[in-house]
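Chains as they are written, first to last, in numbering that gives the first Met the number 0: chain A, 0 to 109; chain B, 0 to 109.
Just so you know, even glycine gets a beta-carbon here, dropped at the ideal spot from N, CA and C.
Computed from a predicted model, the values in this text were never measured in an experiment.
Notes follow once the structure below has been shown.
There are 2 protein chains.
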Amino acid sequence: MGASKTEHFTDKQNEIASLVKALAHPARIAIMEYLLKVDTCICGDIVNELPLAQPTVSQHLKELKTAGIIKGTIEGNAICYCLDEKVLAKLQTYFGNITSKLEKRKNNCC
Amino acid sequence: MGASKTEHFTDKQNEIASLVKALAHPARIAIMEYLLKVDTCICGDIVNELPLAQPTVSQHLKELKTAGIIKGTIEGNAICYCLDEKVLAKLQTYFGNITSKLEKRKNNCC
DNA sequence: TTTTAATATTGCAATATTACGATAAACAAA
DNA sequence: TTTGTTTATCGTAATATTGCAATATTAAAA
Numbered sequence: 000m001g002a003s004k005t006e007h008f009t010d011k012q013n014e015i016a017s018l019v020k021a022l023a024h025p026a027r028i029a030i031m032e033y034l035l036k037v038d039t040c041i042c043g044d045i046v047n048e049l050p051l052a053q054p055t056v057s058q059h060l061k062e063l064k065t066a067g068i069i070k071g072t073i074e075g076n077a078i079c080y081c082l083d084e085k086v087l088a089k090l091q092t093y094f095g096n097i098t099s100k101l102e103k104r105k106n107n108c109c
Numbered sequence: 000m001g002a003s004k005t006e007h008f009t010d011k012q013n014e015i016a017s018l019v020k021a022l023a024h025p026a027r028i029a030i031m032e033y034l035l036k037v038d039t040c041i042c043g044d045i046v047n048e049l050p051l052a053q054p055t056v057s058q059h060l061k062e063l064k065t066a067g068i069i070k071g072t073i074e075g076n077a078i079c080y081c082l083d084e085k086v087l088a089k090l091q092t093y094f095g096n097i098t099s100k101l102e103k104r105k106n107n108c109c
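This is the structure in structure tokens:
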């Protein structure tokens, strides 16, 4: 086994799980935070920012890109990366709905 | 390898990554949504709600519990599960900060 | 053209995850 | 006590993830 049984869940559940999975590693959280910090697209120095070898960083970037969290456009012989606002807004909305539903209910039985 | 190099990242980055990782599977998203839907602690029928075998569900519940997303209290010979509002609020705040920072910057160069 | 710099891909080893049958443990009910 | 119900754990197979050295690719610069 080892493969998730995605076919049994709703599209929305699979979508959220896949977005969240793309961020389920400290290196990818760090990449997102770095792209946020520099406050612009960054062309180049992502590898130098992380305590990981270049192929490893490249792999993490690929996962973020595949999930849609970041976008990368070729800029000369470097690549310009930035965050996709829409996709991150999706996550914010999702967790916002969850906590607002939880706040409304005040029967905290546990 | 296969093991994440968590020691190279900040505590906060590791914490968020670990929370997010606990939700990085459609079954665990489904469990969270079910606990939200029933609008109370639920004692029992989580296994019946999911298209997975009982040991598999038990394992997913354990991961959610270890990460702190859910709490489980023994209730007779059943177990009463519910969401931990505080932990989910942490995620909401995190993604809220990210999107609000992204919205402020209007230099969308990509 | 040759060199240099930036990024991607390949291949592989170590480890983690997912899933479930079998079984155990805990406890209520008969 | 025996039985049934609920949940956890063990063991194991299949698959995925993580990390990096080696190498390839791409394009600017010399």
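- From the listed residues B:Ala26, B:Thr9, B:Glu102, the smallest Cα separation to serine 17 of chain A is found for B:Ala26.
- Contiguous beta strand (DSSP E) elements confined to the region 16-92 of chain A occur at 69-74, 77-82, taking only those with 3 or more residues.
- Between leucine 22 of chain B and isoleucine 15 of chain A, the C-beta spacing is below 9 Å.
- Within the region 66-86 of chain B, those residues whose Cβ lies closer than 7 Å to any Cβ of chain A are, in chain order, Lys70, Thr72, Cys79, Cys81, Leu82, Glu84.
- Remark: three or more beta-carbon pairs, one from each stretch, lie closer than 8 Å, so the region 92-100 of chain A and the region 85-101 of chain B are flagged as touching.
- With contacts defined by Cβ atoms closer than 9 Å, isoleucine 28 of chain A and leucine 60 of chain A do not form a contacting pair.
- Apart from sequence neighbours up to five positions away, the residues of its chain that approach tyrosine 33 of chain B with a beta-carbon distance below 6 Å are Glu48, ordered along the chain.
- Phenylalanine 94 of chain B carries a helical assignment under DSSP once its states are collapsed to helix, strand and coil.
- Shown in chain order are the members of the region 20-33 of chain B whose Cβ falls below 8 Å from a Cβ of chain A: Lys20, Leu22, Ala23, His24, Pro25, Ala26, Arg27, Ile28, Ala29, Met31, Glu32.
- At a cut-off of 9 Å between beta carbons, glutamate 62 of chain A makes no contact with chain B.
- Closer than 9 Å to the CB of glutamine 53 of chain A there is not a single CB belonging to chain B.
- Straight-line spacing of the CA atoms in glutamine 12 of chain A and lysine 4 of chain A works out to 12 Å.
- Taking a contact as a CB-CB distance under 8 Å, the pair cysteine 81 of chain A and lysine 89 of chain A does not count as one, their CB atoms being some 16 Å apart.
- For asparagine 13 of chain B, the chain A residues whose Cβ falls inside 7 Å of its Cβ are Pro25, in order along the chain.
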